[in-house]
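Trainee: Starting off with a structure, shown below.
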Amino acid sequence: MPPNHQIHKASLSSVRGITLLAILAALSVAGRIALSSIPNVQPVTTFVILMTILMGLRYGLLLAIIVMILSNMVLGIGIWIIPQIIAYCIIVVVTGIFIRPVFPKLSLFVMAIYAGFTGMLYGFVNSLCQVPLYDSTYFLAYYLAGVPYDTMHAIGNFVFYFVLTPLLLPLLHKLINQHFAKS
């Protein structure tokens, strides 16, 4: 990434911070709903990763939770929302702790591979969260049954990150620099 892709800080109590969160949540929810006919392929993870890298854990966690709740209100809400939120929260924490500090040194391709990996991580965590419901003896069967969908999620994440990030990152930096430098 070019050196001007720095990490930002902004208060969640500011109108600007809430507005940025709302805009990215709306884009993520719209993308998830628009692509709902293709299992596990949606741009949510790209937005969550970028928000976490640019604005930190709090923004990433809030975006992930808001998107899951709002999109599931349209697509159907049920007990599965809990593992979805847990999986996205783990992705945010991993991104915030391990990727955010080294992000400027990573290429677009490496980050797209990471985005793909998060699709597999999401599926694994989601399956792991089902253990209390289905018993641990069925975990492997449950997980393996989901691997084709996790693979679609991983491929979708790779493609969305690779395609959207060159477009979104400069726009997000411009928006953040214009509005949060004044905060």
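Going from the sequence shown to the numbering used here is simple: count from 1 and add 15.
Backbone N, C-alpha and C fix where the C-beta goes; we use that ideal spot for every residue, glycine too.
The structure displayed is predicted, hence computed values, not measured ones.
1) State the DSSP-derived secondary structure class of N172, mapped to helix, strand or coil.
2) What distance in whole Å lies between the Cβ atoms of V56 and L65, which are believed to be in contact at a cut-off of 8 Å?
3) Can you find the residues in the same chain that come closer than 7 Å, C-beta to C-beta, to I101, ignoring five residues on each side of it along the sequence?
4) Is L179 helix, strand or coil by DSSP?
5) Give every residue of the same chain whose Cβ lies closer than 7 Å to the Cβ of G161, excluding the five residues on either side of it in the sequence, and list them in chain order.
6) Does DSSP classify S142 as helix, strand or coil?
7) In terms of residues, what are the limits of the alpha helix (DSSP H) holding G93?
8) Considering Cα atoms alone, identify which of M88, L72, S28, F124 is closest to I106.
9) CB-CB under 6 Å to V59, same chain, minus the five flanking residues each way: which ones, in chain order?
10) Report all residues from its chain with a CB closer than 6 Å to the CB of P98; omit the five preceding and five following residues, and keep chain order.
11) Is D150 buried or exposed, if buried means 16 or more other CB atoms sit within 10 Å of its CB?
12) Should the region 173 to 193 be regarded as contacting the region 122 to 129, the criterion being three or more beta carbon pairs within less than 8 Å?
13) Starting from the C-beta of Y129, find all residues in its chain whose C-beta is less than 6 Å away, skip the five residues before and the five after it, and write them out in chain order.
14) So is N192 buried or exposed if we call it buried at 16+ other beta carbons inside 10 Å?
Mentor: Taking the coordinates as given:
1) Within the sequence shown, residue 172 is the residue found at index 157, counting from 1. In the three-state reduction of the DSSP assignment, N172 falls in the helix class, which pools H, G and I.
2) Taking the first residue of the sequence shown as position 1, residue 65 is located at position 50. Taking the first residue of the sequence shown as position 1, residue 56 is located at position 41. Contact doesn't hold; Cβ gap of about 18 Å is too wide.
3) By 1-based counting over the sequence shown, the position of residue 101 is 86. Closer than 7 Å at Cβ, skipping near neighbours: V140, C144.
4) Here residue 179 refers to the residue found at position 164 of the sequence shown. Helix, per DSSP.
5) The residue given as residue 161 occupies position 146 in the sequence shown. Around G161, the same chain offers G138, S142 as residues with beta carbons nearer than 7 Å, after the five sequence neighbours per side are excluded.
6) Translated into the one-based positions of the sequence shown, residue 142 becomes position 127. The answer is helix: DSSP assigns S142 an H, G or I state.
7) Indexing the sequence shown from 1 puts residue 93 at position 78. Per DSSP, G93 lies in no alpha helix (DSSP H) and is assigned neither H nor E.
8) Start at 1 with the first residue of the sequence shown, and residue 106 comes out as number 91. Checking every option, the nearest Cα to that of I106 belongs to L72.
9) Locating residue 59 in the sequence shown gives position 44, where the first residue counts as 1. Taken in chain order, the residues that qualify are S43, R47, V82.
10) Counted from its first residue, the sequence shown places residue 98 at position 83. In the same chain as P98, and ignoring 5 residues on each side of it, the C-beta atoms closer than 6 Å to its own belong to N141, C144, in chain order.
11) Locating residue 150 in the sequence shown gives position 135, counting from the first residue. In the assembly as shown, D150 is an exposed residue. Its beta-carbon has fewer than 16 other beta-carbons within 10 Å.
12) Here the region 173 to 193 makes contact with the region 122 to 129; the two share three or more CB pairs at distances below 8 Å.
13) On the sequence shown, residue 129 is found 114 positions in, with the first residue counted as 1. Hits under 6 Å: none found.
14) Indexing the sequence shown from 1 puts residue 192 at position 177. Looking at its Cβ environment, which holds fewer than 16 other Cβ atoms inside 10 Å, N192 is exposed.
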